[in-house]
Each structure stands twice: as C-alpha cells, then as structure tokens.
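**Q** Encoded as structure tokens, here's the structure I'll be asking about.
Below you can see the structure in the form of structure tokens.
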C-alpha cells in the first residue's frame, strides 16, 4: 500500500493502538515481512516501537515526537519504522523487553528498539523526549547518532546485535537443584511480611500495585497455618485499596496502580485483567472472612465491568485509557467548585467530608484537583445527624449525581479489542463471584462471554484477538491458560459438563503446541518470526503467569479426569523449583498451585436433584465455603459420560448425597451437610 499524506501503513490494522498511530507523519509499518524487506532494500536499520492504547507515556511520546513533522522526517529517512501493540503480540514484547533489560537493566513502555533488518537488536530504551532533556537522551539525537554509526561503524553495531542474540539464546546455566515444599510457602510468607507496609498496607513502596495473587496466596497460607498475620495483611490491603483513590469511588472498578504509597493517586487506566484479578481476590476474601464489604466491592467491580467493558455480544473489552483531552485523570478528578456545582448544600457538605475534597486538592502536580477517596470510613464527624442507613442512602444519591455529571465529560478512549486471555480471566472471576455470592446474572454474563470466545475464536485452532469482525493471531500460552481457568470455574458455577470437556481439550492443545520437551514448562508461543528465543515467562507479574495458571489447571483437571495431567504440573514444579527457591515471592500464584499439590485437596461429587431445595442449599453451602483446593461436581448424565466414574454414585434414600475423596482416598458417602463441611476442613 502506498503511503499517502493522510495515513501510513497501519491504516488497515485492527488494533486500536495501531489505529491511533495510523495518521502519524511517521511512516509506520505493522510487524511483518513487508517492513523487514523494505529495510533490507533500503539498507537501513529498523526502529521498533512497542506500546498499548491506554499507555500514558506512549501518548506523550506520540504527541512530542511521532506527530512532529521534523522528527517524523528524520525517522523516516534513517529507519524503517515498525509499530507493535504489546497486547496483540505479547511474544514480541517479551522477546524485545528481555533485550532491553539486558542492554539497560530496566524496561517499560513505550519500548523502543533499534535493530538490524534481520531483527537483531543493538539499541534499546523506553520513553524518549524529542530532544535532550535534563540528562535524558532525546529522540532527535538518537536518530542522528545511530544513523551516523550505521554508516561509519556498522560492523560494530551488527557485532553487538549478534552478540545480543547469542546471549539471549543461551539457556541459563543449570541452577542448584531444589525441591518445592511447605518450606517454600513459609519463605514466600516471610518475604511478603518483610516488604509489608504496616502504615499504608500493601507491599513495598510507591508505585504500588494491587498484586491480587499475593493476597490469594496469603489466604491459602492462613488456611493452612492459621497464622493471624497472614489474614491481617490481606484484610488491611483490601480495605486500603477499596478506600483509596485507586478504587473509582463514583463509577466503580479499579485503576491500574497507585503512584504513591497511600493508594491515593492512581495511574488512571482501567484494565480488564485488573478488574478480574481483584474480583477474584475480593470474592475469596469474602469466602474466607464473611466480611460483607468484600462482597460489596466484588459487586462494584462487576457492575463497572458489565456497564463499561462489555460488548453487545457479551465479550469483554480490554481497557479504558488514563487520558482524556490530553490530560491524565481529567475525567475522574474533581475540583471543589465542580463538586459544589452538582450537589445541593447538604449533599456537598457530606461529599466534601466523605471523599476528602479540598480547595487545594490532593494531586501535587495539579493544584485544585482531587482524587475522590473514602475519607469517612473511620470518621464519625461526617455522619452528623444521619444514622448509618440514612448516610448510605445519601451517599448513594451523591454518587448517582456525580456519576451522571461525569458522564457528560469527554470520556477516555475505550480499547474495544477482545482478547481471549483477558476474557478467560474475567470468565473465571465472574463464574466464581456468581457462585459464591449467589448472583445468577454474573454466571449468565460469564456464559455469554465464553460462548462468544468459543464460537468466534476457537474453531480449528484457538486465536488471540477479535475486533471489527476479524478473529486473528494464533493463541499464546496465556490464551490457553486463562480460558481453561475460566471454563473450569464456569463448569463449577453451571455444572454444564461441556465446559469441562472443552477445558481439557484446550489443555491438551497447549501441551501439544507449547510444552518444551527438552526443559519442561510452556513457552509463550510457537512463533519462529524472530532470531531470538521465544521466551518462557514464569514469574507472576501484574497478573499470574501462564505457567503458574497452567500448573493450577493441570492439578484441577487431574482431579476431575486422570492423574497424568496432575503429573505434568509436578514436572512444571520441578523445572521451576530453582527459580522459585531463589525468590518465592515472585511466584505467589504458582505457590497457590503448590498449596493445592501439597494438599489436602478434595474431589467433591454431589448426587441429588438440582430442582430440590435441599440440593440447592447444599451446593450453595459448598460454594460459599472457603475450600480453594477442591473440585466440585454435580452428578448428571453428561458428567457421567465425560468422566465415567461418577456413574456409580447415587443419592441415598432420596437425599442429596456427598461423595468426598481427600488426596485421592475416598470416604463413605455423606448425607449430613454439617458433617460434609467438617470433612472439607471448614470451620
């Protein structure tokens, strides 16, 4: 396609992020053979820029440099320029991020790579200002410097690139053998305790990420050890986040992370995966503690997701941007004057105290702007003459008014691509929340999303992305892992055995396509597009890694089906043991799987008519109880066909009957609900 004044080579791409750059004066190409053939033809390096649609600093670099005619002209003259959406191509992001980390010791987005036409990197960085600023290299200077070196000292650049590829291609030296055990769980707990912020809750200092898998691990650790400090860290962190500015007090849902240690001023984008993982954490905390506020926050997350991030077909969009009108957080922040314009005098007085609003504001860089937060939870003075019920009703009226007023503002950009992995994660969270909270509508929403993914993105093979009618990009590990997780949870919420059968088929597909026969473990993808090795991501970062999730999936499917799947999880533990042993706290979701593997774990089959109240009550109790290391089944003909062994199980004397196997040792059937609950170790 010829370049025109109106657009570049990205114009036909479906990615919202690539579309944002389709009208830049930079002659961007999408990743593909055309770009690299052009670089070879022109004998110039490739300038690779990787980002995502809701990335604040990606927007800044675009405004400063990629929309600037002179900078674009220099880029076009010196390089062939390639844009990649990291959410569409997590494999490329992982490969070139590893190169950046090796070259610079750090990383982030936008990720900037300069490489040979053979895709070998020789320079890496992140955000660059247009010109040199306060000791930071500017993009203009980089272009000039690398362009000159390419002409005068290409041999050194290419040699550096080849050395980089060789270094990244070498498998790490064999680490000291290690075995994962209960001691590993205790060491992870110790590390979390040592980084716990006793004053503000959460782990470490600013910036502060929610890290829900840390909390899910601590819930399991508390169940195993009854260590009171484990549950204390969970409760205090969940409480601080739900009160903080990271939680959208008006519109619901959570922003991506807090820029400060107080959970007050967030980085304002809202990601689907954050909603899903936090929904799981609050739901499990409600199961474990019975605290009603955690159920309330879980419902708040679901309300936001169904309102703002759900497509007409029922699948889930990816994210809402941090920026609107070129300013981060403008959509969400309030000045005192803006608040008083929308509320009557009594309401304004309550809101000012409830949400901590001041004329000065609470964002250092934006005088007068306030991030609303729950400043009234422990403040008796805000209640005035209102009793608690009246206070709640009045605050709900205020929220509704402010939400309506906010809806009239220019909204942040919505990234409406549908990703299989993130949808799988939300399907898992909605299914669990629906089952635990007794919210059938949540389960229906999960079913609708799952049916969309299975229809549009899983025909002959699983695909990664859907947008504007196009399903594309072969699936990555996270797609298999998260969708399988979602379908297992959806089975336990619906007892539709078809979902369980598809979960097993997806897992076998992942084993066939992505399992590394030499070293064990799953690779990100089976792509051969780059000369660098396709990475095996193992640590649990902003969300659990595909390998961690697959370990849990294999154990649970092994409980449903046969032990050979569980044996694969044990191979994963063995492969990852040296890494986990060196830094357990980086693998907290994998340690949730290890907790399951150590046991006790349970297979629970209920034989009873689901139309009877007694059966429904029994299932409700089993779902609400915090027993994370169990699989729950309801005997029916489709399950009997799928599993076989349940066909011999039947109800006794017409009563709902529970069959419990602990660590693959089965007990006599039980008809007493309280006895069954005690058998599962639930107090």
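In the working numbering, the protein residues as written are 41 to 723.
We put the beta carbon where it would ideally sit given N, CA and C, even for glycine.
So, with DSSP's three-state summary, where would you put residue 140?
**A** Start at 1 with the first residue of the chain shown, and residue 140 comes out as number 100. Correct three-state label for residue 140: helix.
**Q** Going by CA-CA distance only, name the one from 151, 52 and 159 that's closest to residue 75.
**A** Taking the chain shown and counting its residues from 1, the one referred to as residue 75 is at position 35. Here the closest residue by C-alpha is 159.
**Q** Within its chain, find whatever has a CB closer than 6 Å to the CB of residue 421; leave out the 5 residues flanking it on each side and keep chain order.
**A** Counting from 1 along the chain shown, the entry for residue 421 is found at position 381. Interpretation of residue 421 is limited by its pLDDT of 46, a score under 50 that renders its predicted location unreliable; no figure is taken from the coordinates.
**Q** Please classify residue 9: does DSSP put it in a helix, a strand, or coil?
**A** Summary: the structure shown does not reach residue 9, with the chain confined to residues 41 through 723, and so no result is reported for it.
**Q** Over what stretch of residues does the beta strand (DSSP E) that includes residue 513 continue unbroken?
**A** Looking up residue 513 in the chain shown gives position 473. 510-514 is the extent of the beta strand (DSSP E) around residue 513.
**Q** Can you tell me the Cβ-Cβ gap for residue 535 and residue 410, rounded? I've got them flagged as a contact below 8 Å.
**A** Taking the first residue of the chain shown as position 1, residue 535 is located at position 495. Taking the first residue of the chain shown as position 1, residue 410 is located at position 370. The pair is not a contact, with the Cβ atoms about 47 Å apart (cut-off 8 Å).
**Q** Residue 326 bridges to which residues according to DSSP?
**A** Locating residue 326 in the chain shown gives position 286, where the first residue counts as 1. Residue 326 is bridged by DSSP to nothing; it lacks a bridge partner.
**Q** Report the rounded CA-to-CA distance for residue 716 versus residue 659, giving the unit in angstroms.
**A** One-based indexing of the chain shown puts residue 716 at position 676. One-based indexing of the chain shown puts residue 659 at position 619. Roughly 11 Å separates the two Cα atoms.
**Q** Does the distance from the C-beta atom of residue 476 to that of residue 323 stay below 9 Å?
**A** Counting from 1 along the chain shown, the entry for residue 476 is found at position 436. Counting from 1 along the chain shown, the entry for residue 323 is found at position 283. It is a contact, given that the beta carbons lie within the stated cut-off.
**Q** Taking only runs of the alpha helix (DSSP H) that begin and end inside the region 475-546, which ones reach a length of at least 4 residues, in chain order?
**A** If we require 4 residues or more, the alpha helix (DSSP H) runs fully inside the region 475-546 come out as 480-496 and 517-534.
**Q** If you measure between the beta carbons of residue 93 and residue 133, is that distance less than 9 Å?
**A** Walking along the chain shown from the start, residue 93 turns up at place 53. Walking along the chain shown from the start, residue 133 turns up at place 93. No; because the gap between Cβ atoms is not below 9 Å, this pair is not in contact.
**Q** Entirely within the region 316-363 and at least 4 residues each: give me those alpha helix (DSSP H) ranges in chain order.
**A** If we require 4 residues or more, the alpha helix (DSSP H) runs fully inside the region 316-363 come out as 332-348.
**Q** Would DSSP call residue 125 helix, strand or coil?
**A** Start at 1 with the first residue of the chain shown, and residue 125 comes out as number 85. Strand, per DSSP.
**Q** Taking C-alpha atoms, which residue in 503, 533, 461 and 555 lies nearest to residue 656?
**A** Position 616 of the chain shown, counting from 1, holds the residue named residue 656. Ranking 503, 533, 461 and 555 by Cα distance to residue 656 puts 533 first.
**Q** If we ignore side chains and look at the alpha-carbon of each, how far apart do residue 468 and residue 530 end up?
**A** Position 428 of the chain shown, counting from 1, holds the residue named residue 468. Position 490 of the chain shown, counting from 1, holds the residue named residue 530. Taking the straight line joining both Cα atoms gives about 7 Å.
**Q** Give, in chain order, every unbroken run of the alpha helix (DSSP H) that is at least 4 residues long and sits entirely within the region 152-198.
**A** 179-192
**Q** According to DSSP, is residue 209 helix, strand or coil?
**A** Within the chain shown, numbered from 1, the residue matching residue 209 stands at position 169. Three-state DSSP puts residue 209 in a helix.
**Q** Is the beta carbon of residue 698 sitting closer than 9 Å to the one on residue 686?
**A** Taking the chain shown and counting its residues from 1, one reaches residue 698 at position 658. Taking the chain shown and counting its residues from 1, one reaches residue 686 at position 646. Going by C-beta atoms, residue 698 is not nearer than 9 Å to residue 686.
**Q** If we count Cβ pairs, one from each stretch, closer than 8 Å, do we get three or more for the region 567-574 versus the region 486-504?
**A** no
**Q** What is the C-beta distance between residue 493 and residue 355, in whole angstroms, given that I count them as a contact (C-beta under 8 Å)?
**A** What you label residue 493 is simply residue 453 of the chain shown in a count that begins at 1. What you label residue 355 is simply residue 315 of the chain shown in a count that begins at 1. Residue 493 to residue 355, Cβ: 7 Å. Contact.
**Q** Are any of the Cβ atoms in chain D nearer than 9 Å to that of residue 180?
**A** Although the question refers to chain D, the structure presented lacks it and comprises just one protein chain.
**Q** Candidates 83, 302, 180 and 142: which alpha carbon is nearest residue 194's?
**A** Position 154 of the chain shown, counted from the start, is the residue given in the question as residue 194. Minimum Cα-Cα distance from residue 194 among the listed residues 83, 302, 180 and 142 corresponds to 83.
**Q** Give a yes or no on whether the C-beta atoms belonging to residue 89 and residue 153 are separated by under 9 Å.
**A** Residue numbering aside, residue 89 sits at position 49 when the chain shown is read from its first letter. Residue numbering aside, residue 153 sits at position 113 when the chain shown is read from its first letter. Cβ distance < 9 Å, so residue 89 and residue 153 count as in contact.
**Q** Does residue 52 pass the burial test, meaning 16 or more other C-beta atoms within 10 Å, or should it be called exposed?
**A** Counted from its first residue, the chain shown places residue 52 at position 12. The residue is exposed, with fewer than 16 neighbouring Cβ atoms inside 10 Å.
**Q** Pairs of beta-carbons, one from the region 538-551 and one from the region 586-596, closer than 8 Å: are there three or more?
**A** yes
**Q** Considering only C-alpha positions, which residue in the set 156, 172, 225 and 98 is nearest to residue 626?
**A** For the purposes of this step, residue 626 is taken as residue 586 along the chain shown, with counting starting at 1. Here the closest residue by C-alpha is 225.
**Q** With respect to the alpha helix (DSSP H) encompassing residue 374, which residues constitute its N-terminal and C-terminal limits?
**A** In the chain shown, residue 374 corresponds to position 334, counting from 1. Residue 374 -> no alpha helix (DSSP H), and no H or E assigned at all.
**Q** Can you tell me the Cβ-Cβ gap for residue 724 and residue 585, rounded? I've got them flagged as a contact below 8 Å.
**A** Outside the shown range of the chain (41 to 723) lies residue 724, about which nothing can therefore be said.
**Q** At what residues does the beta strand (DSSP E) containing residue 613 begin and finish?
**A** Within the chain shown, numbered from 1, the residue matching residue 613 stands at position 573. Not the beta strand (DSSP E): residue 613 falls in the alpha helix (DSSP H), residues 603-622.
**Q** Mapping DSSP to helix, strand and coil, what is residue 149?
**A** Walking along the chain shown from the start, residue 149 turns up at place 109. Residue 149 falls in the coil class under three-state DSSP.
**Q** Quick check: residue 142 and residue 101, are their CB atoms within less than 9 Å of each other?
**A** Taking the chain shown and counting its residues from 1, one reaches residue 142 at position 102. Taking the chain shown and counting its residues from 1, one reaches residue 101 at position 61. Contact flag unset, no.
**Q** Say yes only if the C-beta of residue 436 is nearer than 8 Å to one or more non-hydrogen atoms of the ligand NAD, and no if none qualify.
**A** Of the ligands one can find in the structure shown there are none, so the ligand NAD has no counterpart to examine.
**Q** Inspect the beta-carbon positions of residue 79 and residue 119 and report whether they are closer than 9 Å.
**A** Indexing the chain shown from 1 puts residue 79 at position 39. Indexing the chain shown from 1 puts residue 119 at position 79. Yes, Cβ-Cβ distance for residue 79 and residue 119 is below 9 Å.
**Q** Name the one or two DSSP bridge partners that residue 439 has.
**A** Numbered from 1 along the chain shown, position 399 holds the residue referred to as residue 439. Partner residues in a beta bridge of residue 439, as assigned by DSSP, do not exist.
**Q** Less than 8 Å between C-beta atoms, sequence neighbours within five positions excluded: which residues of the same chain meet that for residue 181?
**A** Numbered from 1 along the chain shown, position 141 holds the residue referred to as residue 181. 171 and 172.
**Q** In the DSSP output, which residue or residues are listed as bridge partners for residue 311?
**A** Within the chain shown, residue 311 is the residue found at index 271, counting from 1. Answer is 359, bridged to residue 311.
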